[in-house]
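Encoded as structure tokens, the structure appears first; notes follow it.
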């Protein structure tokens, strides 16, 4: 009965060129298959970068945009391979109904590429929203700007703060109970309950420190009955641009598992 055009189209939908080989067109099959070798080499180079290297590329807008273009080109190549395999297959069968099945097959080929396009464009939009470049025109207040030049963005240190006399919730915590709680916490209880004092003047960092960027490590810890010392449960890196006043915070929750950190860390 010979070859079936739809079988050839299905084979090329799975592996471009397989349908042409099924239709006894070996040279045509090799030509259609060649891009698969290029894609396999590119995939190997991408995976060989490791988890961190792949993550670095996947957050680069230029790389993501390039991958979206490649995705469209691959879709066109796969669709052409399917149609070509269908057309070059010689058959005496009635083909009047076959274009309907061929169209459904092409739609199935397009599904993963449409999904990939959707994820890629959403990632690009999310990155553009979260990481706004400084050239976008955001108004920043340089770190160290004198308070007199700001429009009520800082509290006046001369204003007396009237503390509210109330029993703080921390008093009932066993950590502050003599004989049970942590000695350091018990010794610090007086400072915790003391009324707040007015802050000093806002210091112009740019005049006192020759820095372009100020980076601070914020460490949070807790303690409890029967436990010695403090246990770090939060670490946040805060970095400030002295000139623009822009800030960024980076933190990893302590319950993260299997984080792909580089081997040298």
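In the numbering used here, the protein residues as written are 2 to 266.
Think of the CB as a built atom: it goes at the ideal place given N, C-alpha and C, for glycine as much as any other residue.
Would the beta-carbon of residue i fall within 8 Å of that of residue j?
i, j, result
"residue 76", "residue 114", "yes"
"residue 231", "residue 242", "no"
"residue 60", "residue 128", "yes"
"residue 13", "residue 91", "no"
"residue 221", "residue 235", "yes"
"residue 110", "residue 79", "yes"
"residue 118", "residue 192", "no"
"residue 26", "residue 116", "no"
"residue 187", "residue 179", "yes"
Bridge partners for residue i per DSSP, in chain order?
i, result
"residue 8", "DSSP, once it has assigned bridges, lists no residue as partnering residue 8."
"residue 236", "220"
"residue 251", "238"
"residue 215", "241"
Return the Cβ separation of residue i and residue j in integer angstroms, given the expectation that the two are a contact with Cβ distance under 8 Å.
i, j, result
"residue 83", "residue 65", "Not quite, the Cβ-Cβ distance comes to about 27 Å (not below 8 Å), so this is no contact."
"residue 6", "residue 34", "With a Cβ gap of about 19 Å, residue 6 and residue 34 do not count as contacting."
"residue 24", "residue 9", "5 Å"
"residue 238", "residue 257", "15 Å between Cβ atoms; not a contact."
"residue 120", "residue 103", "Not quite, the Cβ-Cβ distance comes to about 27 Å (not below 8 Å), so this is no contact."
"residue 226", "residue 182", "6 Å"
Return helix, strand or coil for residue i, following the three-state DSSP convention.
i, result
"residue 241", "strand"
"residue 257", "coil"
"residue 73", "helix"
"residue 83", "helix"
"residue 95", "coil"
"residue 123", "helix"
"residue 32", "helix"
"residue 231", "coil"
"residue 15", "helix"
"residue 20", "helix"
"residue 128", "helix"
"residue 51", "helix"
"residue 37", "helix"
"residue 185", "helix"
"residue 27", "helix"
"residue 102", "helix"
"residue 60", "coil"
"residue 117", "helix"
"residue 225", "coil"
"residue 246", "coil"
"residue 111", "helix"
Can you confirm whether residue i, when its beta carbon is compared against all beta carbons of chain D, has any partner nearer than 8 Å?
i, result
"residue 115", "The chain labelled as chain D is not found in the depicted structure, where only one protein chain is given."
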